[in-house]
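Colleague: First the structure, which I've put down as structure tokens, then a few questions once you've had a look.
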DNA sequence: GCTTGACCTTCCCGTAACTGTAAGCCTCAT
DNA sequence: ATGAGGCTTACAGTTACGGGAAGGTCAAGC
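Chains as they are written, first to last, in my numbering: chain A, 1 to 131; chain B, 1 to 131.
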């Protein structure tokens, strides 16, 4: 299978697949006699695996670790679970941070008339000289 | 005031302040005779303003727009409010996305024993050939 | 047999918002 | 005068790609 088709079935842009190869996340694909990348079933499974892990927010580095674990028939599931838990914790922190920023800003927005007049509690708050 | 002190009072690293100057977010600071950047009160207020806006998640571009509005004594507060609302909407989307990823992964984690054995529903799910 | 258009190739630049590092002045206290 | 710490510029690295140029390949159609 050539890269275009692989892109379709894996859900990853061809450009991204080449990128993954260039950074060593995946093994270099085989080549046809004319130099096109040729993918096997196993390669495609790997790319789908990567796509799913990435869609859950794992970084490339984390995906790399997951791939290693996936390919290790003897890994302890506790290792995978720990990695996943860490990622959930990271997401929790990000969610809390976003939520906090959102709450603060929402409060300011409520206080802002939002009409033609220039007075605006939002800018006033940003410009507060105390604090 | 020199950049080190400004960094302390504004909460922005000196490096970041230079960066903001380099991209044109702020006016180039004045200089002492020996070439050091010299900041006035107004510059410091601006940097604090930027720090607060950034801490609420506004992008540099958005901050730039906010600065323009801040410096425009005749702006309508509706403009500021619209910008802020847009940002809240962006954050809402990000929160929902993170939450969804987190929920999915949390479900998988619950199903994983996390012991010494290799069987792991998390990796199994990533590797599913259907879907 | 030749052209056309869809794919494929590599290579390099740009993105956001900085952070790290290097090499070299400036200032002040000892 | 010397050493520490702060300042300067400039360039590279980070994350995870996307855009676009210049050119090779392949199957279809005339």
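We put the CB at the ideal spot given by N, CA and C, even for glycine.
#1: Our contact map puts residue 105 of chain B next to residue 6 of chain A with C-beta atoms below 8 Å; I'd like the distance itself, whole angstroms only.
#2: Whose C-alpha, out of A:90, A:33 and A:99, is nearest the C-alpha of residue 93 of chain B?
#3: Alpha carbon to alpha carbon, what distance is there between residue 59 of chain B and residue 69 of chain B?
#4: Given this structure, state the Cα-to-Cα distance separating residue 23 of chain A from residue 35 of chain A, to the nearest angstrom.
#5: Under the assumption that residue 43 of chain A contacts residue 65 of chain A (Cβ atoms under 8 Å), give the Cβ distance between them as a whole number of angstroms.
#6: Taking buried to mean at least 16 other C-beta atoms within 10 Å of its own C-beta, is residue 55 of chain B buried or exposed?
#7: Would you verify that the beta carbon of residue 113 of chain A is, or is not, closer than 8 Å to some beta carbon of chain B?
#8: Please report whether the beta-carbon of residue 94 of chain A lies at a distance below 8 Å from any beta-carbon of chain B.
#9: Under a CB-based cut-off of 8 Å, is residue 15 of chain B close to chain A?
#10: Taking the straight line between their C-alpha atoms, what separation do you get for residue 18 of chain A and residue 40 of chain A?
#11: Could you give the C-beta distance for residue 84 of chain A and residue 108 of chain B, rounded to a whole number, given that I count them as a contact under 8 Å?
#12: At a CB-CB cut-off below 7 Å, which residues of chain A make contact with residue 99 of chain B?
#13: Quick check: what's the CA-CA separation for residue 102 of chain B versus residue 8 of chain A?
Modeller: This is what the structure holds:
#1: Contact flag wrong, Cβ pair sits at about 26 Å.
#2: A:99
#3: CA-CA distance, residue 69 of chain B to residue 59 of chain B, rounds to 15 Å.
#4: 20 Å
#5: Going by Cβ atoms, the distance from residue 43 of chain A to residue 65 of chain A rounds to 19 Å, so no, they are not a contact pair.
#6: Counting the other CB atoms within 10 Å of its CB gives residue 55 of chain B a total below 16, which places it among the exposed residues.
#7: It does; some Cβ of chain B falls within 8 Å.
#8: yes
#9: no
#10: 15 Å
#11: 7 Å
#12: 95
#13: 26 Å
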